[in-house]
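Asker: Just so we're aligned, residue 467 is where the sequence shown starts under the numbering used here, counting upward by one.
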Amino acid sequence: MGSMRYPLSENFLRYFDVYYAASPEHLAQVYAIRYRVYCEEFSYEPAEAFPDRQEFDEFDANSLHALVYHKSSGRPAGCVRLVTTTGEGGGDLLPFEKNCAGSLDQEYIDGLGLERQKVCEISRLAVDSEFRRRSGEQVTRYGEVEGLDCSQQERRTFSLIAVTCFLAATALTDISGRTNVFAMMEPFLPRLLQRSGIDFKRVGRDIDYHGMRAPYFVTTQTTLETMRPDLKELYTEVYHRIHAGYRG
467 MGSMRYPLSE NFLRYFDVYY AASPEHLAQV YAIRYRVYCE EFSYEPAEAF PDRQEFDEFD
527 ANSLHALVYH KSSGRPAGCV RLVTTTGEGG GDLLPFEKNC AGSLDQEYID GLGLERQKVC
587 EISRLAVDSE FRRRSGEQVT RYGEVEGLDC SQQERRTFSL IAVTCFLAAT ALTDISGRTN
647 VFAMMEPFLP RLLQRSGIDF KRVGRDIDYH GMRAPYFVTT QTTLETMRPD LKELYTEVYH
707 RIHAGYRG
């Protein structure tokens with residue numbers, strides 16, 4: 467039987483689970499995925515800087531993390547983090563402000579009049595290469611968006627790992643009240659999310675930082691209002707799982 471027997475949420479969650487990653491064990495798995503993707507596979511960060519094979523930076527201590535887990539193999543499949551503002555009045559810079567300031571349309575961003583304590587950045591979204599369709603590996607580290615026509619039911623769900631990571635990050639924005647959301651994204655990811663009904667606003671120019679990227683902005687409210695109905699069902703399930711583990 468085809469996957470149409472099952473709602474999208476049920477189909478994906480038959481094979482994967484989603485966790486709020488706060489324990490040392492879960493965080494080690496997050497950093498290990500990032501090492502394999504960012505250091506070994508794409509050389510975005512120097513592998514020699516992380517002899518323990520765990521990629522992390524100064525923003526991780528002030529981040530909320532989520533982890534997608536493959537049930538049958540027991541392997542972590544994807545991860546994402548939500549970086550929160552710190553410092554007096556939330557004034558410390560977020561990663562995109564520190565590393566990509568020259569690409570930002572600062573006048574437009576200032577005009578949004580955002581409350582700094584409600585600003586955050588989704589970053590370090592990564593899917594382990596073992597869970598990417600071969601055709602998609604030539605396109606993006608997030609895998610191929612057109613995966614639902616694959617004949618093998620479980621492998622079809624692999625194309626949803628990146629979107630589910632984003633849903634987990636969205637759940638963290640909702641739970642933590644950090645509802646003004648920025649992200650530096652490669653061209654493929656906004657298109658993937660747009661097909662899911664999630665439409666980020668571009669707020670700057672392309673910049674070569676861990677590959678060509680551009681800054682984007684969306685609010686949690688807009689994301690939830692425009693999300694495709696079947697994705698909203700999956701989001702609800704992801705939200706419950708993230709909320710159950712959240713200790714913010």
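Using N, Cα and C, we set each Cβ at its ideal position, and we do this for glycine too. Quick caveat, the model's predicted, so the values are computed rather than measured.
For the beta strand (DSSP E) containing Ile588, list its first residue and its last residue.
Answerer: Your numbering for residue 588 matches position 122 in the sequence shown. Start and end: 585-593.
Asker: Since Cys566 is in the beta strand (DSSP E), which residue starts that stretch and which ends it?
Answerer: Here residue 566 refers to the residue found at position 100 when the sequence shown is read from its first residue. Looking at the DSSP string, Cys566 is not in any beta strand (DSSP E), and its letter there is neither H nor E.
Asker: Can you give me the Cβ contacts of Tyr481 inside the same chain, cut-off strictly under 8 Å, excluding the 5 residues immediately before and after it?
Answerer: Position 15 of the sequence shown holds residue 481. Counting only Cβ-Cβ distances below 8 Å, and skipping sequence neighbours, we find His536, Lys537, Ser538, Glu620, Thr623.
Asker: Would you report the Cα separation of Asp518 and Gly556, rounded to the nearest angstrom?
Answerer: In the sequence shown, residue 518 corresponds to position 52, counting from 1. In the sequence shown, residue 556 corresponds to position 90, counting from 1. Straight-line Cα distance between these residues: approximately 32 Å.
Asker: Indicate the three-state DSSP secondary structure (helix, strand or coil) for Lys537 in the structure shown.
Answerer: Counted from its first residue, the sequence shown places residue 537 at position 71. Note: Lys537 maps to coil in three-state DSSP.
Asker: Helix, strand or coil: how does DSSP classify Ile673 here?
Answerer: Within the sequence shown, residue 673 is the residue found at index 207, counting from 1. Here Ile673 sits in strand by DSSP.
Asker: How big is the Cα-Cα spacing for Leu633 and Val704?
Answerer: Here the question's residue 633 lines up with position 167 in the sequence shown. Here the question's residue 704 lines up with position 238 in the sequence shown. If you take the alpha carbons of Leu633 and Val704, they lie about 7 Å apart.
Asker: Hey, quick one: how far does the beta strand (DSSP E) through Phe683 stretch, first residue to last?
Answerer: Here residue 683 refers to the residue found at position 217 when the sequence shown is read from its first residue. Here the beta strand (DSSP E) through Phe683 covers 678-685.
Asker: If you draw a straight line from the C-alpha of Ser589 to the C-alpha of Glu691, how long is it?
Answerer: Stepping through the sequence shown from its first residue, residue 589 is reached at position 123. Stepping through the sequence shown from its first residue, residue 691 is reached at position 225. Near 22 Å, if we compare the C-alpha coordinates of Glu691 and Ser589.
Asker: With a threshold of 8 Å on Cβ separation, who are the neighbours of Gln495 within its own chain once the five nearest residues in sequence on each side are excluded?
Answerer: Taking the sequence shown and counting its residues from 1, the one referred to as residue 495 is at position 29. Sequence-distant Cβ neighbours of Gln495 in its own chain, meaning closer than 8 Å and more than five residues away, are Ala487, Leu533, Pro542, Cys545.
Asker: Quick check on DSSP: helix, strand or coil for Leu530?
Answerer: Sequence index remark: in the sequence shown, residue 530 carries index 64 (1-based). DSSP places Leu530 in strand when its eight states are reduced to three.
Asker: Quick one: grab the DSSP three-state call for Glu610.
Answerer: On the sequence shown, position 144 is the one that residue 610 refers to. Confidence at Glu610 is low in this model, with a pLDDT of 44, below 50, so the placement of that residue should be treated as unreliable; the coordinate-derived value is given next. The answer is coil: DSSP assigns Glu610 none of H, G, I, E or B.
Asker: With C-beta atoms as the reference, is Phe562 less than 8 Å away from Met650?
Answerer: As a working mapping, residue 562 is identified with position 96 in the sequence shown. As a working mapping, residue 650 is identified with position 184 in the sequence shown. Yes, the pair counts as a contact, with Cβ atoms nearer than the cut-off.
Asker: Thinking Arg500 and Lys584 are a contact (beta carbons under 8 Å), I'd like their distance in whole angstroms, please.
Answerer: Within the sequence shown, the letter at position 34 stands for residue 500. Within the sequence shown, the letter at position 118 stands for residue 584. 26 Å between Cβ atoms; not a contact.
Asker: Report the rounded CA-to-CA distance for Met678 versus Asp672, giving the unit in angstroms.
Answerer: Within the sequence shown, residue 678 is the residue found at index 212, counting from 1. Within the sequence shown, residue 672 is the residue found at index 206, counting from 1. Going by the C-alpha atoms only, they are around 6 Å apart.
Asker: Verify whether the separation of the beta carbon atoms of Leu548 and Cys586 is less than 8 Å.
Answerer: Translated into the one-based positions of the sequence shown, residue 548 becomes position 82. Translated into the one-based positions of the sequence shown, residue 586 becomes position 120. Against a cut-off of 8 Å, the Cβ pair of Cys586 and Leu548 comes out as a contact.
Asker: Give the secondary structure of Met470 by DSSP, where H, G and I count as helix, E and B as strand, and everything else as coil.
Answerer: Indexing the sequence shown from 1 puts residue 470 at position 4. In this predicted model, Met470 has a pLDDT of only 46, less than 50, meaning its place in the structure is not dependable; the value taken from the coordinates is given anyway. If DSSP states are grouped into helix, strand and coil, Met470 belongs with the helices.
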